[in-house]
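Numbering that gives the first Met the number 0 puts the first residue of the sequence shown at 0, with every later residue one more than the last.
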Amino acid sequence: MSRWTISDHLLEPTILLDVPSTPPPVADLPRAVLIEDEEPLARLLVNYLTRAGFAVEAANDGLTGLQTVRNHGPEIVVLDLGLPGMDGIEVCRNIRTFSDCYILMLTARAEETDTLLGLAAGADDYMTKPFSPRELVARIAALRRRPLKPKETKNSQHVWGSLTVDMDGRDVRWGGEPIELTRTEFDIFAVLVEEPAKVFTREDILHNVWGPSWVGDAHVVDVHVAHIRRKLTDAGGTADTIRSVRGVGYRLGAEQ
Ligand code: CA
């Protein structure tokens, strides 16, 4: 096991000094699982997540990681895409069969195919290495601020033809059949559902779902929308339940 240094990870020393020095009490901490095979990075991230207030379990291969997620039922999974044995994509798909925890994928390259695969497998967000651990913690904080509470003035039940959306129950149905959306997919869909006449830009949707402090790739929205459409059509619905408005963004296209 090699000893890591700060310069290995492009960190300025000030970043390490900029985290709370006293972790909160151990009891009842939110749980996070880190699945990362690069030992120095894993240790660094465990340290940051612990200081950010999580009870952290770490695994350095996909299969162990999957089992750790099963055993610990975390709120957050930080998942490296490139893992020995079962890769991150497969781990992500597996997690999604039993958990709707937030999954933040780590990718080694900025290549679009990697990030798209990760999101397609059910990840909520991704970061490309190298990144600042402080940004990782900020991203996780943004995920955890969700879902936005339904606005009190809005109706909980929405029905358009065969489409039924229950905002409080976070339940979407087509012709009575439930459509299993991930948390992120539901949150994005909910933005459109709450104001069906409005066209939302990608940035509007990101700000509604992740909050105004979120910084990242707005095309994440496109990938999630593609998944929502696929799930709608798989259930017998139509893809244009979410309409693309050319040059602007998206709006609900369900029949009124
Ligand atoms: Ca790796």
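Glycine is no exception: its CB is placed at the ideal position from the N, C-alpha and C atoms.
Every value quoted in this text rests on a predicted model; they were computed, and no experiment measured them.
- A residue is listed when its beta-carbon falls short of 5 Å from at least one non-hydrogen atom of ligand 1; in chain order these are ASP36, ASP79 and GLY81.
- Secondary structure of VAL198 (DSSP, three-state): coil.
- Close CB contacts of GLU35 within its chain, under the 6 Å cut and outside five residues either way in sequence, are with ALA41 and ASP79 (chain order).
- GLY210 places its beta carbon 8 Å or farther from that of ALA137.
- Note that the C-beta distance between GLY121 and THR181 is below 8 Å.
- Burial of GLY236 is indicated by the presence of at least 16 other C-beta atoms within 10 angstroms of its C-beta.
- Here DSSP, grouped into helix, strand and coil, assigns PRO129 to coil.
- With a threshold of 16 other beta carbon atoms within 10 Å, ALA31 meets it and is buried.
- DSSP, read as helix, strand or coil, puts GLU38 in helix.
- Scanning its chain for C-beta atoms nearer than 8 Å, with the 5 sequence neighbours on each side dropped, one finds around ASP123 the residues TYR101, ILE102, LEU103, LEU142, THR181, ARG182 and THR183, in chain order.
- For ARG172, the beta-bridge partners assigned by DSSP are THR163 and PRO177.
- Each residue's CA atom was taken as its position, placing ARG108 and LEU118 some 15 Å apart.
- Around the beta-carbon of PHE53, 16 or more other beta-carbon atoms lie within 10 Å, marking it buried.
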